[in-house]
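Asks: The structure under discussion is supplied below as C-alpha cells; questions concerning it will follow.
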Amino acid sequence: MSGDVGLSGIPLTMLWTLHNRASESLRADAVLRDPECVRIYESIDFDYEAAFGTPDGTHAVRSLRFDEALRPWLAAHPGGTVVELAAGLETQFQRCDDGKVRWLCVDVPEAIEIRERYLPATDRCRHLPVSALDLSWLDHVEDPRRGVFVSAQGLFMYFEPDDVRRLCVAIVERFPRVELMFDTIPPWFSDKTMKGYRKTPAYTAPPMPWGVERSRIESQLRQWSPKFADIRVSSYGPSRGVLAVLAPIFDRLPVLRDIPPSIVWARAQG
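Letter by letter, the sequence shown follows residues 3 to 272 in my numbering.
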C-alpha cells in the first residue's frame, strides 16, 4: 500500500468508510452524492483496494440514512448542536449544513489530526481531539436548549458493552430530548472480528466486541435507562448487488432480521 497516513487500528477504518463512500459517489447511479468525500479520497496517496478490497455501497447507504434522519431535525431545531462521535473523515456537515447548525466533531487525536488536513475546523464546525468515551466532550456542547443530536456512525461496535451502556446513559441523562443515532452489528459478525477478520490479505479489521441482535436493541436500551422515550430500529435498506436482493427479505422475515446490521434512532425524555 502506498502512502503512510499514520493511522492504525480503529482510526484506520476512516479510510475504509471513505473508500466505500467515495466510490459510490463516483458512480453514475450513486445513492449518495458526496463531492467533498471524493475530493479527500483522491487527495490521499493510499492503495484503498489493496487494503479494503472492492468497494461496496454499504457505508454510503448508512450515511444516507443518517442524513435522512438529521435533515428534519435541523429544520425543527435551528441553531441546534450536532455532536458527531468518531467523526473521522465523514462529511455529513458538508452535506447537511443549513447555515445555522453548530457541529462538534469528536475523535481521538490522531484521527482529528488527519481530519484537519482535509476538513479544517470552522466557527460552526469545531473539532475536539478526545475519545467518545472521554465524557468531557459533553461539556463542549454549546447552548443545549436549542437541541442536541448525537451521531455515531461505525463506532459503538468497537467498544465493550459496558462502555456503550455508560456512554448512552450519559448522553440521555445529560441532554433532555436529545436524539441519538448509531449503528450496530449482529453477534455473529462481532464473533468473527474477535477471531481476527481478514478483510483482505493486507488488512485485518479491528475487533468489534459489541454485537447485538436487532430484536434485542430496544429492550437493551430501556434496560440501561428509563430516560429513553422513543426508539426506532431499522436495517440499512437495500444497497447493491446481492444486498439489494437480500435486504428486503431480511426485513420481511422475523427469523432473518437479526442477521444484518441495524441503525438505531432514539430520543430521550424531556
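Every residue, glycine too, gets a C-beta built ideally from N, C-alpha and C. Computed from a predicted structure; not experimentally measured.
May I have a chain-ordered list of the beta strand (DSSP E) segments no shorter than 3 residues that lie completely inside the region 153-222?
Replies: Here the runs fully enclosed are 181-186 and 200-202.
Asks: What are the complete beta strand (DSSP E) segments, minimum 3 residues, inside the region 69-129?
Replies: Within the region 69-129, the complete beta strand (DSSP E) runs of at least 3 residues are 83-87 and 104-109.
Asks: Got a sec? Which residues, its chain only, sit under 6 Å from Q271 by beta carbon, not counting five neighbours each side?
Replies: Counting from one through the sequence shown, the residue named residue 271 turns up at place 269. Answer for Q271: K229 and A231, listed in chain order.
Asks: Taking 8 Å as the CB-CB limit, is G198 close to chain D?
Replies: Annotation note: the requested chain D is absent from the structure, which comprises a single protein chain.
Asks: Which residues in the same chain have their Cβ closer than 6 Å to the Cβ of G5, if we skip the five residues on either side of it in sequence?
Replies: Within the sequence shown, residue 5 is the residue found at index 3, counting from 1. At G5, the pLDDT of 46 sits below 50, so the modelled position is not reliable and the matter cannot be decided from this model.
Asks: In the DSSP assignment, what residue or residues form a beta bridge with P131?
Replies: By 1-based counting over the sequence shown, the position of residue 131 is 129. Paired residues: D109.
Asks: Considering only the alpha carbon of each residue, which of A204, Y238, L121 and P263 lies closest to V40?
Replies: Translated into the one-based positions of the sequence shown, residue 40 becomes position 38. The shortest Cα separation from V40 among A204, Y238, L121 and P263 belongs to L121.
Asks: Let me confirm a value: T124 is counted as buried when at least 16 other C-beta atoms fall within 10 Å, else exposed. Which label applies?
Replies: Within the sequence shown, the letter at position 122 stands for residue 124. Burial call: exposed.
Asks: Please report the straight-line C-alpha distance between P214 and S227, rounded to a whole angstrom.
Replies: Indexing the sequence shown from 1 puts residue 214 at position 212. Indexing the sequence shown from 1 puts residue 227 at position 225. In the sequence as displayed, the identity of residue 214 is Val instead of Pro. Roughly 17 Å between the two C-alpha positions.
Asks: Can you tell me whether A62 is buried or exposed, with buried defined as 16 or more other CB within 10 angstroms of its CB?
Replies: Counting from 1 along the sequence shown, the entry for residue 62 is found at position 60. Classification for A62: buried.
Asks: Grouping DSSP H, G and I as helix and E and B as strand, with all else coil, what is R29?
Replies: Position 27 of the sequence shown, counting from 1, holds the residue named residue 29. Coil, per DSSP.
Asks: Excluding the 5 residues preceding and the 5 following R67 in the sequence, name in chain order all residues of the same chain whose CB lies nearer than 8 Å to its CB.
Replies: Working through the sequence shown from its first residue, we reach residue 67 at position 65. Answer for R67: S236, Y238, G239 and I265, listed in chain order.
Asks: To the nearest angstrom, how far is the alpha carbon of K102 from that of K194?
Replies: For the purposes of this step, residue 102 is taken as the residue at position 100 of the sequence shown. For the purposes of this step, residue 194 is taken as the residue at position 192 of the sequence shown. Taking the straight line joining both Cα atoms gives about 42 Å.
Asks: Roughly how many angstroms lie between the CA atoms of L17 and P163, to the nearest whole one?
Replies: In the sequence shown, the residue the question calls residue 17 occupies position 15. In the sequence shown, the residue the question calls residue 163 occupies position 161. Near 25 Å, if we compare the C-alpha coordinates of P163 and L17.
Asks: For S10, which of helix, strand or coil comes out of DSSP?
Replies: Here the question's residue 10 lines up with position 8 in the sequence shown. Coil.
Asks: Using 8 Å as the threshold, is the region 50-60 in touch with the region 200-214, meaning 3 or more CB pairs across them?
Replies: Result yes; three or more Cβ-Cβ pairs closer than 8 Å.
Asks: Closest to W75 by C-alpha separation, out of L182, I187 and Y199, would be which residue?
Replies: Sequence index remark: in the sequence shown, residue 75 carries index 73 (1-based). When only C-alpha atoms are compared, the closest one is L182.
Asks: Helix, strand or coil, according to DSSP, for G5 in the structure here?
Replies: The residue given as residue 5 occupies position 3 in the sequence shown. Unreliable positioning characterises G5 in this predicted model, as indicated by a pLDDT of 46, which lies under 50. The coordinate reading is nonetheless provided below. In this structure, G5 counts as coil in the three-state DSSP scheme.
Asks: Out of curiosity, what's the CA-to-CA distance linking A89 and Q222?
Replies: Here residue 89 refers to the residue found at position 87 of the sequence shown. Here residue 222 refers to the residue found at position 220 of the sequence shown. Going by the C-alpha atoms only, they are around 25 Å apart.
Asks: I need the DSSP call for R1, collapsed to helix, strand or coil.
Replies: There is simply no residue 1 to check, as the chain begins at 3 and stops at 272 in what is shown.
Asks: Could you tell me which of D145, G81, G82 and D136 sits nearest to V108, measuring between CA atoms?
Replies: Taking the first residue of the sequence shown as position 1, residue 108 is located at position 106. Comparing Cα-Cα distances from V108 to each of D145, G81, G82 and D136, the minimum goes to D136.
Asks: Taking the alpha-carbon positions, what's the L20 to R176 distance?
Replies: Mapped onto the sequence shown, residue 20 falls at position 18. Mapped onto the sequence shown, residue 176 falls at position 174. Cα to Cα, L20 sits roughly 32 Å from R176.
Asks: According to DSSP, is R23 helix, strand or coil?
Replies: Against the sequence shown, residue 23 aligns to sequence position 21. Looking at R23 - three-state DSSP - the assignment turns out to be helix.
Asks: Can you check which of these residues, L130, N22, D69 and R179, is closest to S153 by C-alpha distance?
Replies: Position 151 of the sequence shown holds residue 153. It is D69.
Asks: Sort I261, I233 and G11 by Cα distance to A113 and report the nearest one.
Replies: Working through the sequence shown from its first residue, we reach residue 113 at position 111. Of the listed residues, the one whose Cα sits closest to A113 is G11.
Asks: Tell me whether S138 sits in a helix, a strand or coil according to DSSP, three-state version.
Replies: Taking the first residue of the sequence shown as 1, we reach residue 138 at position 136. Correct three-state label for S138: helix.
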